[in-house]
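S.K.: The structure follows.
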Amino acid sequence: MEFISKELSEYCEQHTSPESPELRALNRETHLKVLSPRMLSGHLQGAYLSFVSHMIRPLYVLEIGTYTGYSAICLVQGIREGGKLISLDVNEETSLLAQTFIDKTPVKDKIELVVADAKAYIPGLTQRFDLVFIDADKRNYALYYDLVFDKVAPGGFIMIDNVLWSGKITMPEEAMDKDTLAIHEFNKHVQNDSRVENVLLPIRDGIMMVRKKV
Ligand SMILES: C[S@@+](CC[C@H](N)C(=O)[O-])C[C@H]1O[C@@H](n2cnc3c(N)ncnc32)[C@H](O)[C@@H]1O
């Protein structure tokens, strides 16, 4: 489900800085060769992620859910000198493809792809992250948020993708499937978390923006 009309969506893209040739190729090849290309952030959301990265100027960024690397290439854009983005994914095949795309970009040395289950890997991370992007399996959103929270710098940001879940999030709770219910519970978890400020933006499939209070 699109939250805005196709015409408005196209208008937004036409009035957003164009995709770089590398991102356009990645987007196209993912749609041609990979299962579930809808998972890819895409032009508008990608430009937004890049914008946020430029505004925050993070040192360390963590991404949970690499897929073919589109959002990683966007999120790394504003990283300060000496910093890096760590991106986790359980899928070895899509991670390999992501690496081939990333290797063609000028930011390749700032991105570290890790093939691992985020649940097992996050507890061992020692960096302090200025920005985290959660975009993996929806049923574990609350777990990822809780695992990563103490590793986020005070004043740092967590962004969580797909929190409107194609609009299914407004169904009565008793009619929700497991993924929708998990996302709904997660949105309430954030809303009730006194340690943060948050805003839910209806960009693409919904992005929850969270700022950890100082
Ligand atoms: C929606 S896609 C990520 C899309 C990507 N961030 C983008 O915008 O182009 C979700 C990814 O999460 C990965 N994933 C699922 N469960 C995971 C887990 N337990 N640990 C790490 N990654 C996981 C999947 O393999 C999939 O590639």
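Going letter by letter, the sequence shown gives residues 3 to 216 in our numbering.
The C-beta atom is built at its ideal place from N, Cα and C for all residues, glycine as well.
Here the structure is a predicted model, which is why all the values come from computation and not from measurement.
#1: So who's on the other strand from residue 188, going by DSSP bridges?
#2: Ignoring anything shorter than 4 residues or poking outside the stretch 106–154, list the alpha helix (DSSP H) runs there in chain order.
#3: Taking just the CA atoms, how far does residue 13 sit from residue 6?
#4: Does the Cβ of residue 158 lie closer than 7 Å to at least one heavy atom of ligand 1?
#5: Smallest Cα separation from residue 169: which of 87, 183, 196 and 18?
#6: So if DSSP puts residue 159 in a beta bridge, which residue, or which two residues, is it bridged to?
#7: With contact counted as at least three CB pairs below 8 Å, one residue from each stretch, are the stretch 163–180 and the stretch 192–211 in contact?
#8: Could you tell me the alpha carbon to alpha carbon distance between residue 85 and residue 38, rounded to whole angstroms?
#9: Quick check: the stretch 86–95 against the stretch 51–66, are at least 3 beta-carbon pairs closer than 8 Å?
#10: Locate the alpha helix (DSSP H) running through residue 75, then write down its first and last residues.
#11: What's the C-alpha gap between residue 220 and residue 171?
M.R.: With the structure as the only source:
#1: Answer by DSSP bridge pairing: none, since residue 188 is not bridged.
#2: 120–123 and 143–151
#3: Here the alpha carbons of residue 13 and residue 6 stand approximately 11 Å from one another.
#4: no
#5: 183
#6: DSSP output for residue 159 lists 133 and 213 as bridge partner(s).
#7: yes
#8: 31 Å
#9: yes
#10: Residue 75 -> alpha helix (DSSP H) spans 72–77.
#11: Nothing can be reported for residue 220, as the shown portion of the chain is limited to 3 through 216.
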